[in-house]
Each structure stands twice: as C-alpha cells, then as structure tokens.
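Worksheet: one structure, shown below.
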Amino acid sequence: MSAVSTRARCAQCLRPERTCLCPLVQPVPHAVQLLVLQHPEEELQAKGTGRLLHLCLPASRLAVGEAFEPAQLQALLHAPWQAGDAPRQAVLLYPETPHGDQLGLARQAPWPQPAPCPEDLRLVVLDATWRKSRKMLYLNPGLQALPRLALQGDLPASRYGALRKAHAPGQLSTLEAAVCALQRLAPAGPSLQPLRDAFEGLLALHALHRPE
58 MSAVSTRARC
68 AQCLRPERTC
78 LCPLVQPVPH
88 AVQLLVLQHP
98 EEELQAKGTG
108 RLLHLCLPAS
118 RLAVGEAFEP
128 AQLQALLHAP
138 WQAGDAPRQA
148 VLLYPETPHG
158 DQLGLARQAP
168 WPQPAPCPED
178 LRLVVLDATW
188 RKSRKMLYLN
198 PGLQALPRLA
208 LQGDLPASRY
218 GALRKAHAPG
228 QLSTLEAAVC
238 ALQRLAPAGP
248 SLQPLRDAFE
258 GLLALHALHR
268 PE
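Each number in this note's numbering corresponds to the 1-based position in the sequence shown with 57 added.
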C-alpha cells in the first residue's frame with residue numbers, strides 16, 4: 058500500500074491533514090442552489106476546487122459519479138432538498154451545442170420564459186477535466202436535456218494555470234466558473250468575494266507544499 062493511500066485525511070475536505078482546506082472555508086449566502094457533479098477522479102485530486110466550492114456554499118450539494126442512475130440524477134436535479142421547498146429549475150453550466158455534436162449529444166432545452174428568479178434556480182456544475190466532463194454529459198441524457206448557461210463575453214482573468222494545465226487559454230477552474238455563473242444568475246445577491254479569497258488561499262497552500 059502506498060504512503061499516499063495511508064496518509065490521514067480530513068473527514069470534511071478529504072485532504073491530507075497538512076493541506077486541509079477547512080481553514081479556507083468561508084460560508085457565503087446565495088439564492089441560487091448549486092449542485093456539483095464531481096467525476097470520481099476529482100474526489101481526491103489535490104488541485105481540484107469543486108469540494109472547496111461546495112464547502113463554502115451552504116445551499117449546495119456534491120455528488121460523485123460519472124454515469125448516474127436516471128432516477129438518482131432526476132432527484133438531484135429537480136427534487137426539493139428540504140421539506141417544504143418547491144422544486145427548482147435546474148440549469149447546466151456548460152457551453153452550448155445547439156445542433157448536437159460529434160458525440161451525438163441532444164439539443165439542450167431552451168431557457169424557460171419568463172426567466173426564473175434566483176430563488177427558483179439550481180445551477181449544475183460538472184467538476185471534471187474538459188474531456189471527462191464531455192463524457193459525463195454523454196453518459197447522462199438527463200444533463201443533456203437541461204437549459205444551459207454558457208459563460209461568454211468579458212470574463213475575469215483565470216488563475217487556473219497556477220494549479221493545473223488548462224485545456225485552453227483563459228479556462229476557468231470549477232470554482233472560478235461557478236462564481237461567474239452565480240453572479241450572472243443573481244447579480245443583486247451577496248458578494249461572492251469570500252469564494253475568491255478561499256481560492257487564493259488554495260493557490261497559496263498549493264504553492265507552499267509544491268515539490269521543488
């Protein structure tokens with residue numbers, strides 16, 4: 058058994074104790090619920106940001122998997138998370154493919170009209186590499202059928218490259234992309250600066266423990 062596998066890990070953030078993320082966690086109120094669907098290869102990924110994002114957002118859930126059972130996925134996407142809550146409209150943070158693509162993806166659903174208020178939305182984020190996220194989309198038709206939010210226009214400079222190699226210039230990490238999406242869905246909501254501060258703390262922690 059390797060040394061890595063026997064290293065004590067924090068029960069909450071799943072990181073080794075010396076790189077525990079819990080001191081970076083700053084709870085942020087938010088009207089839009091967040092569902093993080095995390096690829097299994099990201100669960101213990103030291104450079105990942107999905108779990109930190111989840112820990113900072115009280116109205117969020119994180120589910121690990123690549124191909125979800127259809128009934129399980131539908132419950133994650135649409136069922137109320139608390140007793141007495143109304144169902145939410147799920148929207149997927151992902152680039153648009155209006156005519157499908159070479160993988161045979163279905164056309165995504167149009168945005169509902171009138172547009173739902175933030176309190177009626179559930180943002181779905183795929184925490185995976187670009188290649189793995191496309192596979193997750195392909196394997197889960199329930200995700201293909203969602204309306205999509207594609208981040209376009211002016212975006213903040215990404216700090217993603219300080220953690221891991223990006224698929225394309227300017228590509229955002231899961232946390233950075235989710236912050237941009239939440240701002241667009243609820244522009245009048247509370248400041249999301251604590252999320253950015255937590256991300257900067259993660260970068261500093263990674264630099265401190267990076268092998269020479």
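Glycine included, C-beta positions come from ideal geometry on N, C-alpha and C. Note that this is a predicted model, so its numbers are computed, not measured.
Residues bridged to residue i [DSSP beta-bridge criterion]
i	result
aspartate 184	Gln95
alanine 147	Arg179
glutamine 295	An answer regarding residue 295 cannot be provided, because it is not within the stretch 58 to 269 covered by the chain.
proline 73	Arg66
glutamine 83	DSSP output for glutamine 83 lists no bridge partner at all.
Local Cβ density within 10 Å of residue i, reported as buried at 16 or more and exposed below that
i	result
glycine 141	exposed
aspartate 184	buried
arginine 75	exposed
glutamine 170	exposed
glutamine 201	buried
leucine 150	buried
glutamate 269	Reliability fails at glutamate 269, whose pLDDT of 44 lies under 50, so the model's placement of it is uncertain and the value that follows must be treated cautiously. It counts as exposed.
Local conformation of residue i per DSSP, three classes
i	result
serine 248	coil
arginine 118	strand
leucine 206	strand
glutamine 201	helix
glutamine 139	coil
alanine 60	Reliability fails at alanine 60, whose pLDDT of 42 lies under 50, so the model's placement of it is uncertain and the value that follows must be treated cautiously. The answer is helix: DSSP assigns alanine 60 an H, G or I state.
glutamine 129	helix
histidine 263	helix
glutamine 165	coil
Heavy atom of the ligand SAH within 7 Å of residue i beta-carbon
i	result
arginine 188	Only the bare structure without any ligand can be found here, which leaves the ligand SAH out of the picture.
Whole-angstrom distance between residue j and residue i, CA atom to CA atom
i	j	result
leucine 262	arginine 66	16 Å
valine 85	leucine 91	12 Å
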